[in-house]
Structure formats: structure tokens, C-alpha cells
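Trainee: Sharing a structure below in C-alpha cells format, with a few things to ask.
Numbering (the numbering used here), first residue to last: -5 to 474.
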């Protein structure tokens, strides 16, 4: 993209991390072979094969669940809560010590810029373990009811957009509350989960407390449907979330679902334009738009529409797309060929339905999976790009005249995960956010996270909360 400033390449060293040619499953404290058909994980920026990954069959998942049950019954469950907290503190410190290694591996396997892996994903993952370590011996005073008890074995399935961070969101509260874990990472991004398994061994975590089984959808199904799993936690698409809810219905299993979103980012005419534009860019183009709570619908008050869009286009023109390991890169690679095809399909539909597409002058690399930042104007609420989750760097712009119209348009979605409000009036922030049907609402910022704050949605964005005191309740028997 055109930029008045020229940046020399500043690549992070790939030699920081040693990617083994093959990886097994992590079961009962050991790396073991899987009995399914192995698959390959690739670097989405180059299409280079990074490693061959073992695929867990139903029998492998059963072995992992049995290991988790043994550890829960004999070791982790009976352990003093303060001692469990010590293990979590140890894991958190190891994540910090190996932060550069995790950041490089995350960018290689996922395609996100190293700046985001280094400054957001890895520090937040460590913060979740620190935070939940502190809760381990304080659950009786957490206001969650008398004598809260762990559920047992937690089956967890995480997505490919924030592999390490989503692992931390799920594993940390499960361990802090005395549960053991069988985790299934996404098939396109398993490497940081397997590196985390090494951290578990380095921390001397008792065998079976954390088990990691890699594979595709069938492996995830085996984890979710296993009869000896007490708790299921899933982050991913709404379609898969529905099938999990059907599978769990009628069983004793507890369920948390964090699904898709189509967040509205609302800009009123008194908002500071430059600050709002930074928030808009952060809200939709960070992590290539692979964010469930991305601000993919921009609602701009009609009388400042032209000013906001002109400023937004200028700012997008300065973004740098390219090598995820370059510290100057703002936009990395799309995670997979399948996701790139979906983005292209929905963008074509948007043009066919009459919306106007704008993209900056942008030279895409010859290899890998890439898509330029895209803005659609002249969008109506009926357009698919205003209704469907694109999960890519694509922004749909709508206008409104009054706060009532803004709220009505923001709530006109089957999702309800997040939203944003930009205005200088505190009274307007409170009045509008109170009426938005979204689990998380940011005011004059966007996509800011903290382990102390609960996160989750309404409607087809799922149910349950992760993070904060509320996130602990999902892993405790008798919690209120």
C-alpha cells in the first residue's frame, strides 16, 4: 500500500523456534503416536509445510479422557487449592520466559503479524494464568455459592484465530477450579498448543492434568460426545456450536459456547474522528479480521459519514500488508485457503447486491493466502455482508440519523457478542450501551481484553462467560 514513510524490513528470527518435522498427541504427560491419519500444518504466508501432526482417533480420545479422569481422581482433585495455584503461577512464568518462542511459532502457524502475537496474544495468555492462579485458593470466597466443587473432566475445543490465547482462556480457569482437561486445538493451528504441552512438562504438572489431542472435526466430536466428559467448552462457528448443543442436550454435561459475531461499531457526530478511526481499524483489521468480536459493521451518523470515511480510507492506505514475521507488518496472511475462499465469496456477493467496494492500492505476495483490507459503503441491513460473519478484513458501512435508529440497526442481527460506541457524551454512552443486545460493549475503544473481565454473548453468539469471576462458575459444581 502507498505510504509516505518507507520501512526497511525488520524480520523476527525464525530460528527462535525449532519446529519438529512431526508431532504426536500429548496424553498422560507423554507425547504418543496417534492412530488416525496424520495431517500437515502449513504456514499460510508461504504455503510451506511446517510439520506433520498426529490425528487422534476415538480410541486416542478415550485414552486421553481416562488419563484426565485418573489425574482428577487421584492427584489434581484432592490437591490443596494453594498447591494447584502454584502450578498455574509456574506455567504463567514459563509462558513469559518463552514468550518470544511462542510469538514466532504463533505467527508461523497462524499467519498473524508478529507484533500482535508478541504484544497481545502471548502476554494475555500469561496474564490469564497469573489471574486464575490467584483464584485457586479463594473459590470459597468468590461469591459462587457454598463449597464450590470442580466438575471433573473438561473437554475443550478451540479455534484457529487465537490458538494460544483461547487455550489460556479455557485451560487456566479449568485448572484453577480443580478440573482436568482434554483439549482439541484447531487442525490448522496446533503448534502452540503442542508447545504448551512442553511447558506443562517443564512445570512438572502432574501427568493427565492437561491432555492435548490434535485432529479435525471428528476428533472434536469425539471429545464433546465422550461419556466421561463432565464439561464442554467450545469457541468457534455458530454452525458447529449448534451441533455441539444438540449433542450435549439431555446429558449431565455443562456447556459454554462462544460463537460468531457481527459487531456494530457506532460513531456519533461528536466523536473525535481520528481516535474513532484508529478504533475502527483496530476493530476490523487486527488479526486480518479473524476475530469473533470484530467491529465488522460500522454505523456512522449521517452528517459525519463523508468525513469519517475519507479519514478511514487515508488511514487504511498506510497499513502494511506482508510477511507476518516482519515487525512492521499490520496485516498478515489469511489462515487457510478455505477461509480465503469464503471471504472472496461474500465480497463478490456484496458487490452483486449493490454495495460499493473500496480497496487501497495493494500488492499481494505471490504465495500464501492474502486478502487486502476492504470497505463496503452503500450497504443496507438486508445485504449479506451486513448479516453474515465474513471473518476477514472486510468492513460494511451503514448510516443512521438518531440514537434510536443506531440502536435498532445495531441490534438487527442474529448475533450478540460485542459492540462499540464512540461519543464524547458520557450520558449517551450509558444510554446507548444499556440498550445494545451485546455481551461486551466498548466505549471509545475496541477489542480491549483483560482476564478480570467476563466475555461472552447473546443469541447466536452463544452463552456462558469466560474470564473474570463469572468465568469460574462454568467449571464449578454448585456455583451460582
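Backbone N, C-alpha and C fix where the C-beta goes; we use that ideal spot for every residue, glycine too.
What do you reckon, are the CB atoms on residue 66 and residue 151 nearer than 8 Å?
Mentor: no
Trainee: Can you tell me which of 435, 341 and 397 puts its alpha carbon nearest to the alpha carbon of residue 390?
Mentor: 341
Trainee: Taking the beta carbon of residue 1 as the centre, do at least 16 other beta carbons fall within 10 Å, making it buried, or is it exposed?
Mentor: exposed
Trainee: Would you check if there are 3 or more beta carbon pairs closer than 8 Å linking the segment 146 to 163 to the segment 186 to 195?
Mentor: yes
Trainee: Which whole-angstrom value describes the C-beta separation of residue 385 and residue 283, a residue pair presumed to lie in contact below a C-beta threshold of 8 Å?
Mentor: 6 Å
Trainee: Let me check understanding here. Comparing Cα to Cα, which of 43, 133 and 142 lies closest to residue 471?
Mentor: 142
Trainee: At the level of alpha carbons, what is the spacing between residue 433 and residue 70?
Mentor: 33 Å
Trainee: So residue 421 is in the alpha helix (DSSP H); what residue range does that whole segment cover?
Mentor: 420 to 427
Trainee: Relative to the C-alpha of residue 336, which residue among 409, 320, 242 and 365 is closest?
Mentor: 365
Trainee: If you draw a straight line from the alpha carbon of residue 90 to that of residue 372, how long is it in whole angstroms?
Mentor: 46 Å
Trainee: Compare the Cα-Cα distances from residue 124 to each of 455, 459, 444 and 453 and report the closest residue.
Mentor: 444
Trainee: Can you grab the Cα-Cα spacing for the pair residue 42 / residue 176, in whole Å?
Mentor: 29 Å
Trainee: So for residue 384, helix, strand or coil by DSSP?
Mentor: coil
Trainee: Mind listing, in chain order, the continuous alpha helix (DSSP H) runs of no fewer than 4 residues lying wholly within the segment 166 to 238?
Mentor: Runs of the alpha helix (DSSP H) spanning 4 or more residues and lying entirely within the segment 166 to 238 occur at 185 to 196 and 211 to 219, in chain order.
Trainee: What three-state label does DSSP hand residue 55 in the structure shown?
Mentor: helix
Trainee: Just checking residue 138 against the ligand MN - is the residue's beta carbon closer than 7 Å to any of the ligand's heavy atoms?
Mentor: This structure does not include the ligand MN; it has no bound ligands of any sort.
Trainee: What residue range does the beta strand (DSSP E) around residue 252 cover?
Mentor: 248 to 252
Trainee: State the Cα-Cα distance for the pair residue 126 and residue 338, rounded to the nearest angstrom.
Mentor: Using only the alpha carbons, I get a separation of about 40 Å.
Trainee: Using a Cβ-Cβ cut-off of 7 Å (strictly less than) and excluding sequence neighbours within five positions of residue 94, which residues of its own chain qualify?
Mentor: 10
Trainee: Grab me the residues of residue 289's own chain with a C-beta within less than 6 Å of its C-beta, minus the 5 sequence neighbours each way, in chain order.
Mentor: 257, 259, 277, 278, 414 and 440
Trainee: If you draw a straight line from the C-alpha of residue 448 to the C-alpha of residue 34, how long is it?
Mentor: 35 Å
Trainee: Return the first residue and the last residue of the alpha helix (DSSP H) that residue 101 is part of.
Mentor: 93 to 104
Trainee: Once the 5 residues before and after residue 468 are set aside, which same chain residues still bring their CB inside 6 Å of it?
Mentor: 250 and 458
Trainee: Would residue 324 pass as a contact of residue 75 if the rule is Cβ separation under 8 Å?
Mentor: no
Trainee: From which residue to which residue does the beta strand (DSSP E) around residue 260 run?
Mentor: Residue 260: member of the beta strand (DSSP E) spanning 258 to 261, first to last residue.
Trainee: Applying the 10 Å Cβ sphere with the 16-neighbour rule, what's the burial state of residue 295?
Mentor: buried
Trainee: Looking at C-beta atoms only, is the number of pairs between the segment 194 to 201 and the segment 101 to 121 that lie closer than 8 Å three or more?
Mentor: no
Trainee: Work out the CA separation of residue 153 and residue 163 for me, nearest whole Å.
Mentor: 12 Å
Trainee: From the DSSP output, read off the bridge partner residues of residue 301.
Mentor: Residue 301 pairs with nothing; no bridge assigned.
Trainee: Taking only three categories from DSSP, how would you classify residue 37?
Mentor: strand
Trainee: Kindly list the residues whose CB is nearer than 7 Å to the CB of residue 401, restricted to its own chain and excluding five residues on each side of it in sequence; keep chain order.
Mentor: 426, 429 and 430
Trainee: Can you grab the Cα-Cα spacing for the pair residue 44 / residue 14, in whole Å?
Mentor: 8 Å
Trainee: Quick one: Cα of residue 77 to Cα of residue 173, how far?
Mentor: 14 Å
Trainee: Tell me, which residues are paired with residue 352 by DSSP?
Mentor: Note: residue 352 sits in a beta bridge opposite 369.
Trainee: For a test of the three-state rule: what should DSSP assign to residue 284, helix, strand or coil?
Mentor: coil
Trainee: Hey, how far is the Cα of residue 169 from the Cα of residue 178?
Mentor: 16 Å
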